[in-house]
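Read in order, the letters of the sequence shown are residues 75 to 371 in the working numbering. The beta carbon of each residue, even a glycine, is placed where N, CA and C say it ideally should be. Please read these numbers as outputs of a predicted model, since none were measured by experiment.
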Amino acid sequence: MEGLLLRLSGLDADAEDAVRVIGFFDRLIARRATMDQVVRQAGQLAECPVGVGGPVPAGAVTSVLEDDTVVWLARDGQPLPLDQILLERLAITAAVLLDHSRVPPPALGDPALVELAISDSAGEPERLRAIQLLGLMPTTRLRVLAVRDARPLLVTGEEIPAQQGFAGVSARVPAIEAPTAWRSARTALRFATATTPIVHAEELGAAHLLAGLPPAEIAKAPDVIALDGLANELELLEAVTVTSSVRQAAALMHRHHSTIAPRLEHAERVLGFRLDTADGRFRLRLALTLKRLRDND
């Protein structure tokens, strides 16, 4: 949908055509088009003069950037339904290009820019500017990492950097969707355990639905209440959920199985169900997951 193929006069003021105009400018940003290219192709799309800075024709509609640069569209006769959207997107694109050309790019991973790129509250122009200054394009595919007690990370490569402690990892998404990825990474982090310190959001499956449960409701679950009374046995109980026998659980904890059996019997009495069956281990794992989500809200 380049300027020669898309004409504003052929579009209606509906959501689908508005998205086409938005996509037109997003692709110019993604291609790192120059300001001259943006103005020329925007003029072809609008079928009337447009500009960024310079003398503003009488009667033109305008949008003023933060640095007082005036972006304008000058159409003779009646305005077209999507003129305002075109002007708005031209202004956003100009703001990104002007900031990118005037500000020295910081090192990839600059914490303030990463925070802006993943922020739900930041406006789209600010987020696009942060992405550009990080040396990325809106379409660059990346993962967002939520690391406990550390700053968030953006990862564009296939390999996930080694982390100390717990981390949640989002699926790969275009950089412009980083806020959504950040939310999913934080959700994944809530599921992290000593045996699974790195959790990928895309591997949670249906379990991610549990993260939507209110902590106050989780706290009322009888199995979770029982686990609160077994604080000294949580490591053992976690081992039970990822093994199939007392011997295997003991080996995972580097203990002799004879020292583990009495502790499991005590845990079964507190929980009120057996742990040597598939159903019992599933129930235990669900209870441990719910407790973790409550504690890591």
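Whole angstroms is fine: what's the gap from residue i's alpha carbon to residue j's?
i, j, result
"V218", "A281", "20 Å"
"A120", "I96", "13 Å"
"V144", "G128", "8 Å"
"P271", "P253", "22 Å"
"Q238", "D369", "20 Å"
"A224", "P185", "11 Å"
"A249", "E200", "13 Å"
"E232", "A245", "11 Å"
"C122", "A92", "18 Å"
"T261", "A134", "48 Å"
"M109", "D371", "45 Å"
"L367", "A204", "32 Å"
"V170", "R222", "32 Å"
"G346", "I234", "41 Å"
"A361", "A352", "14 Å"
"I166", "D141", "13 Å"
"L139", "R257", "30 Å"
"A324", "A335", "9 Å"
"S193", "L172", "22 Å"
"A305", "H340", "13 Å"
"L301", "R337", "14 Å"
"E307", "R329", "13 Å"
"R106", "V126", "17 Å"
List the endpoints of the continuous alpha helix (DSSP H) containing residue i.
i, result
"V344", "331-345"
"A191", "185-191"
"V112", "109-120"
"A313", "308-315"
Check the C-beta distance from residue i over to residue j and give it rounded, since I have them as a contact under 8 Å.
i, j, result
"F99", "L202", "So it is not a contact: roughly 10 Å between Cβ atoms."
"L284", "T363", "6 Å"
"L208", "L187", "5 Å"
"H331", "V320", "5 Å"
"A275", "A290", "A275 to A290, Cβ: 24 Å. No contact."
"V124", "A116", "5 Å"
"L263", "A220", "4 Å"
"A266", "A241", "7 Å"
Between which two residues does the beta strand (DSSP E) holding residue i run?
i, result
"G125", "124-126"
"A204", "That residue, A204, is in no beta strand (DSSP E); its alpha helix (DSSP H) goes 198-207."
"I250", "Careful: I250 lies outside any beta strand (DSSP E) and carries neither H nor E."
"A300", "No beta strand (DSSP E) contains A300, which is instead part of the alpha helix (DSSP H) from 296-302."
"L367", "Note, L367: premise wrong, no beta strand (DSSP E); alpha helix (DSSP H) at 352-369."
"I292", "That residue, I292, is in no beta strand (DSSP E); its alpha helix (DSSP H) goes 289-292."
"L227", "227-229"
"V138", "135-138"
"R321", "Looking at the DSSP string, R321 is not in any beta strand (DSSP E); the run it does join, the alpha helix (DSSP H), is 320-326."
"A241", "241-243"
"L216", "215-221"
"H282", "Neither: H282 is in no beta strand (DSSP E) and is coded neither H nor E."
"V130", "Segment: none, V130 is in no beta strand (DSSP E) and carries neither H nor E."
"I272", "272-274"
Between the options, which has its C-alpha nearest residue i's C-alpha?
i, options, result
"P296", "A285, D157, L358, T230", "L358"
"I159", "V144, S137, D141", "S137"
"L161", "G346, V113, R368, L208", "V113"
"R355", "P248, T317, K365, H331", "T317"
"V130", "A116, A148, A293", "A148"
"V243", "T267, A268, E277, P212", "E277"
"K365", "P336, G303, A224", "G303"
"M327", "Q118, L310, T230", "L310"
"L227", "G197, L190, S195, P212", "L190"
"I299", "D194, V344, L139, E198", "V344"
Got a sec? Which residues, its chain only, sit under 7 Å from residue i by beta carbon, not counting five neighbours each side?
i, result
"E342", "R348, L349"
"K294", "none"
"I292", "V298, L364, L367, R368"
Near residue i, what residues of its chain come up, given a Cβ to Cβ distance below 6 Å and the 5 sequence neighbours on each side ignored?
i, result
"V247", "A255"
Which residues in the same chain as residue i place their Cβ atom closer than 8 Å to its Cβ, once the five residues preceding and following it in sequence are excluded?
i, result
"R215", "T230, R246, V247, P248, A249"
"P212", "D100, I103, A104, L202, I205, P248, A249, I250"
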